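First up is the structure itself, then whatever we jot down about it.
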Amino acid sequence: MSTNPHLALAPRCVGAPLEQAAAVVLLVHGRGASADDMLGLVRWLADGHTAFIVPQAAGSSWYPQRFIAPLADNQPWLDWSLERIGQLVALAAAHGRPAARLVLVGFSQGACLALEYAARQPQRYGGVFGLSGALIEHGDTPRVYAGDLAGTPVLLSVSERDPHIPLARVQRSAECLAALGADVTTRVMPGGGHRIDAAELQLIRQRLAALSHDADAAG
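The numbering used here runs 27 ahead of the 1-based position in the sequence shown.
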């Protein structure tokens, strides 16, 4: 049996201690990037009440082919990547931070992975932010997902002419996630490029503020 290489790399954990955090953000980097790249976002998102878990993919890539390739072409790496995300979700839960207080944030390949994990493991999450990404599937044989995201706030954000993420795939992902019961917002940025912009970060900050308020209200 092959060993999952993603599990050999310890995640970076910064911000508030997990057991004290009002919310936990799982930040998933893109292809060719690193946990350090995603840590650069923390200074824009940190509020003193949020814990951040930032994993590192082996070889800086979660799976080898594009997200629109046949699923078999990305195995076993796709399963390994989903396993890694699942272990970190379980880590947060083990510290008393269930999925309802967990926000999945991914960029590019990391966005595809975060969205795919949420679709395959549907429950109420604190939020899911797919920044320049979409569900992982081969368009000729689209997958069917089942379960209930129970009103999870989901943001899909992409440039109208993203060179890596076809807008039609983002729109299909929005339909799939809405069918799973998510509260989906699709944001199409004018122009081209493959990027994270300040407005996306502000939307994440707003979601974290809402989770912090809910935690305070619960006592």
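Even glycine gets a Cβ: it sits at the ideal position worked out from N, Cα and C. Here the structure is a predicted model, which is why all the values come from computation and not from measurement.
Every beta strand (DSSP E) of 3 residues or more that sits fully in the segment 126 to 201 is shown, in chain order, as 129 to 134, 154 to 158, 180 to 188.
C-alpha of His191 to C-alpha of Val132: approximately 18 Å in a straight line.
In this structure, Ala161 and Val116 do not form a Cβ contact; the two beta carbons are roughly 21 Å apart against a cut-off of 8 Å. With respect to Gly57, Ser135 sits close: the two C-beta atoms are nearer than 9 Å. For Asp64, the enclosing alpha helix (DSSP H) covers residues 62 to 72. Per DSSP, the unbroken beta strand (DSSP E) holding Gly218 starts and ends at 210 to 219. Here Ile80 carries a strand assignment [DSSP, helix/strand/coil].
If you draw a 10 Å sphere on the C-beta of Val181, you find 16 or more other C-beta atoms in it, and that means buried. Contact between the segment 92 to 104 and the segment 157 to 171 is present: three or more C-beta pairs spanning the two stretches fall below 8 Å. Thr179 places its beta carbon less than 9 Å from that of Gln150. Spatial neighbours of Ser239 in its own chain (CB-CB distance under 6 Å, excluding positions within 5 residues in sequence) are listed in chain order as Ala49, His76. For Gly59, no alpha helix (DSSP H) segment is defined, and its DSSP state is neither H nor E.
The beta carbons of Leu140 and Ile112 sit about 6 Å from each other, so the pair counts as a contact at 8 Å.
Boundaries of the beta strand (DSSP E) harbouring Gly42: 39 to 42, taken from the DSSP string. Glu110: member of the alpha helix (DSSP H) spanning 104 to 121, first to last residue. In this structure, Arg214 places its C-beta atom within 9 Å of the C-beta atom of Leu183. Ranked by Cα distance from His122, the first of Ala237, Asn31, Leu45 is Leu45. Around the CB of Gln233, fewer than 16 other CB atoms lie within 10 Å, so the residue is classed as exposed.
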